[in-house]
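Undergrad:
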Amino acid sequence: MKKNYFAAAAIAALALTSCGGLGTMRDTNTGSTTGNILGSIIGAATNGETISNILTSVIGLDKLSSRNLLGTWRYNGPGCAFTSENALAKAGGEVAATEVEQKLAAQYKKIGFNSQNTYLTFNQDGTFSAKIDGKPWNGQYTFDERTQSINFSGFLLNLKGYVKREANGISVLFESRKVLSLLQTISAMSGNSTLSSIGDISKNYDGVRIGFDMRP
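Using mature numbering (1 follows the signal peptide of the UniProt record, and there is no 0), the letters of the sequence shown correspond one by one to residues -23 to -1, 1 to 193.
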């Protein structure tokens, strides 16, 4: 019971401060709407774990600092989050995020992602090095702590995405079409039927971002 109370209180505090899904400020009316949306999601939650998961289903509610990013992060599974509380509520809450991740997991398994062939290293000098399905990708990155957005500038491909804090790591997330661009360019998988399936997964969810859940 106490776990439910404190998790709900944390979410309520976020609503009162009008903290948006991408870290942007909102006006009074929008803040009120946000509170109502979060309230409806909390009302549907049946246990402390579900309530706590709401915090990790929306980008920007639990912010990372630039320092938090430093180091090597290895693939742990598919990642999914929504750009706002409103988008999460419209999609059906935490259940929708879980559903997207389960569908992605089946497709990622076909590609063959694992912790040894897919990882990302952030260096303090603003450079990054990565392997995606064993294919190297290197370049520079910039991270905005306010919006939690990240820009990758690498050989052959530039991408804008978001980073989201997880309980035991981070998720690196993009629009679905950008994930397709990454896989097509880096892994030379153009025309692969699995890629089409990945693109189709997010079509029914407005404001969803997909990518990779990563652990240190």
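Heads up, the beta-carbon is just placed ideally off N, CA and C, and yes, glycines get one too.
In this text the structure is predicted, and so the values were computed from the model without any measurement.
If you draw a straight line from the C-alpha of Glu76 to the C-alpha of Leu159, how long is it?
TA: What you label residue 76 is simply residue 99 of the sequence shown in a count that begins at 1. What you label residue 159 is simply residue 182 of the sequence shown in a count that begins at 1. Going from the Cα of Glu76 to the Cα of Leu159 covers about 23 Å.
Undergrad: Which residue marks the beginning of the alpha helix (DSSP H) containing residue 205, and which one marks its end?
TA: Absent from the structure is residue 205, since the part of the chain shown begins at -23 and ends at 193.
Undergrad: Apply the 10 Å Cβ neighbour rule to Gln93 and answer buried if 16 or more other Cβ atoms are within range, or exposed otherwise.
TA: Position 116 of the sequence shown, counted from the first residue, corresponds to residue 93. Exposed, since its Cβ has fewer than 16 Cβ neighbours within 10 Å.
Undergrad: What is the residue span of the alpha helix (DSSP H) that Leu81 lies within?
TA: Residue numbering aside, residue 81 sits at position 104 when the sequence shown is read from its first letter. Residues Glu71 to Ile88.
Undergrad: Could you please give the first and the last residue of the uninterrupted beta strand (DSSP E) stretch that includes Arg186?
TA: On the sequence shown, residue 186 is found 209 positions in, with the first residue counted as 1. Start and end: Val185 to Arg192.
Undergrad: So for Thr23, helix, strand or coil by DSSP?
TA: Here residue 23 corresponds to residue number 46 of the sequence shown, with the count starting at 1. Only weak support exists for where Thr23 lies, its pLDDT of 42 falling under 50; the value from the coordinates is given anyway. Three-state DSSP puts Thr23 in coil, outside helix and strand.
Undergrad: So what's Gly116 in DSSP terms, helix, strand or just coil?
TA: As a working mapping, residue 116 is identified with position 139 in the sequence shown. Three-state result, Gly116: strand.
Undergrad: How big is the Cα-Cα spacing for Asn145 and Met191?
TA: The residue given as residue 145 occupies position 168 in the sequence shown. The residue given as residue 191 occupies position 214 in the sequence shown. One C-alpha to the other measures close to 8 Å.
Undergrad: Using only alpha-carbon positions, find the residue among Leu97, Tyr52 and Asn63 that is nearest to Ile88.
TA: Looking up residue 88 in the sequence shown gives position 111. Comparing Cα-Cα distances from Ile88 to each of Leu97, Tyr52 and Asn63, the minimum goes to Tyr52.
Undergrad: Quick one: using the 10 Å Cβ neighbour count with 16 as the cut-off for buried, is Phe189 buried or exposed?
TA: In the sequence shown, the residue the question calls residue 189 occupies position 212. Label assigned to Phe189: buried.
Undergrad: Expressed to the nearest angstrom, what Euclidean distance is found between the alpha-carbon atoms of Tyr118 and Ala74?
TA: Looking up residue 118 in the sequence shown gives position 141. Looking up residue 74 in the sequence shown gives position 97. Each residue's alpha carbon lies about 27 Å from the other.
Undergrad: According to DSSP, what are the bridge partners of Arg123?
TA: Locating residue 123 in the sequence shown gives position 146, where the first residue counts as 1. Arg123 is not bridged to any residue.
Undergrad: Identify the continuous beta strand (DSSP E) that holds Leu46 and give its terminal residues.
TA: Taking the first residue of the sequence shown as position 1, residue 46 is located at position 69. Here Leu46 belongs to no beta strand (DSSP E); instead the alpha helix (DSSP H) covers Ser43 to Leu46.
Undergrad: Can you check DSSP and say which residues form a bridge with Ser106?
TA: Indexing the sequence shown from 1 puts residue 106 at position 129. Its beta-bridge partners are Thr98 and Asn115.
Undergrad: Shortest alpha-carbon distance to Phe49 belongs to which of Glu71, Phe105 and Leu38?
TA: Position 72 of the sequence shown holds residue 49. According to the sequence displayed, residue 49 carries Thr and not Phe. Considering only alpha carbons, the answer is Phe105.
Undergrad: Are there three or more Cβ pairs, one per stretch, closer than 8 Å when the region 133 to 150 is compared with the region 56 to 63?
TA: Touching, per the Cβ criterion.
Undergrad: Taking just the CA atoms, how far does Ser43 sit from Ser61?
TA: For the purposes of this step, residue 61 is taken as the residue at position 84 of the sequence shown. For the purposes of this step, residue 43 is taken as the residue at position 66 of the sequence shown. Rounded to the nearest angstrom, the two C-alpha atoms are 22 Å apart.
Undergrad: Residue 200 by DSSP, collapsed to three states: which one?
TA: No statement about residue 200 is possible, as the shown extent of the chain runs from -23 to 193 and does not include it.
Undergrad: Beta-carbon within less than 6 Å of Ala107's beta-carbon, same chain only, minus the 5 sequence neighbours each way: which residues are those?
TA: Numbered from 1 along the sequence shown, position 130 holds the residue referred to as residue 107. If we look at Ala107 and ignore the five residues flanking it on each side, its Cβ neighbours are Leu97 and Trp114.
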